[in-house]
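Quick notes on the structure that follows.
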Amino acid sequence: MSSRTLITGFGPFRDVKENPSAELAGLFNRDHAVLEVSYKYVYEFWDALEKEGGYDTIICLGLSAKARRMRLELFARNNVGTTPDVRGETWSTDFIVSEGPPCLGATLMPPDLIFAASELLDNKVLELSTNPGDYLCNFLYYLLLAGHPGQVGFVHVPPFEVVSIEKQYETLARLIVSTEALSS
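Per my numbering, residue 1358 is the first one in the sequence shown, and the count goes up by one each step.
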């Protein structure tokens, strides 16, 4: 049985008219979705995805405008900041999941393989991160880690002016192939 992978990116928000994560998500020969940067939209997307199922691996991408490298997020945190989304709304509580643990670890690869993935980290384009932020990227990541039985990971991407689209594509392609090999 072949592995099914979904890659997500986010649409425009605040001053970001063209979100690099949206463009990158569509470059691979995999199912992909570009999500509106809104709590309601992301929650409804997650809810539909969990009911539908069918994906072995979900790799989420989101822009980190100040990043100098791509960042593979090792954790999602059960907290939400106060920054309004593109609809001008915030999440109704401080927690993403009211009874959820404060932190959930990535399931994209076993921890020993993440740290052993030196061929991905040696290119100086990707680094490990323990700070997923408190906006929609962390919100989506936490929901997926809390409810999806398969592999889930999140990569924050820098603007293309900082790391070219070609280098980001190459790094993500290697990450996707590596994780799909684990799920087949």
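We treat Cβ as the ideally placed atom computed from N, Cα and C, and that holds for glycine.
So residue 1509 and residue 1502 are supposed to be a Cβ contact under 8 Å. How far apart are they, rounded?
Their Cβ separation, rounded to whole angstroms, is 5 Å, which keeps residue 1509 and residue 1502 in contact under 8 Å.
Alpha carbon to alpha carbon, how far is residue 1358 from residue 1419?
Per-residue confidence for residue 1358 stands at a pLDDT of 47, beneath the threshold of 50, marking its modelled position as unreliable; the derived number appears in the next sentence. Going by the C-alpha atoms only, they are around 30 Å apart.
Flag this pair as touching only if the region 1411 to 1431 and the region 1513 to 1531 have three or more C-beta atom pairs under 8 Å; answer yes or no.
The region 1411 to 1431 is in contact with the region 1513 to 1531.
With H, G and I counted as helix, E and B as strand and the rest as coil, what does DSSP make of residue 1503?
The answer is helix: DSSP assigns residue 1503 an H, G or I state.
Cα separation between residue 1369 and residue 1540?
The alpha-carbon atoms of residue 1369 and residue 1540 are separated by roughly 32 Å.
Could you tell me the boundaries of the beta strand (DSSP E) in which residue 1405 lies?
Taken as a continuous stretch (DSSP letters only), residue 1405 belongs to no beta strand (DSSP E), being part of the alpha helix (DSSP H) at 1396 to 1409.
Thinking residue 1416 and residue 1362 are a contact (beta carbons under 8 Å), I'd like their distance in whole angstroms, please.
That pair is a contact at about 7 Å.
Count the other CB atoms within 10 Å of the CB of residue 1453; is the residue buried (16 or more) or exposed (fewer)?
The residue in question, residue 1453, is buried, as its Cβ has 16 or more Cβ neighbours within 10 Å.
Helix or strand or just coil, what does DSSP make of residue 1390?
Note: residue 1390 maps to strand in three-state DSSP.
So residue 1402 packs on residue 1392, CB below 8 Å; how close in whole Å?
So it is a contact: roughly 6 Å between Cβ atoms.
Take the Cβ of residue 1442 as the centre, count every other Cβ of all protein chains shown within 10 Å, and call the residue buried at 16 or more, exposed below.
Buried is the call here.
Can you grab the Cα-Cα spacing for the pair residue 1427 / residue 1485, in whole Å?
Cα-Cα distance, rounded: 9 Å.
Please report the residue range of the alpha helix (DSSP H) in which residue 1534 lies.
Note, residue 1534: alpha helix (DSSP H), 1522 to 1540.
May I have the straight-line CA-CA distance separating residue 1505 from residue 1388, to the nearest angstrom?
Cα-Cα distance, rounded: 17 Å.
Give the C-beta separation of residue 1538 and residue 1495 to the nearest angstrom, bearing in mind that I take them to be a contact with Cβ-Cβ under 8 Å.
The pair is not a contact, with the Cβ atoms about 27 Å apart (cut-off 8 Å).
Spatial neighbours of residue 1464 within its chain, please: C-beta separation below 6 Å, excluding the five flanking residues on both sides.
So the list reads 1508 and 1509, once near-sequence residues are dropped.
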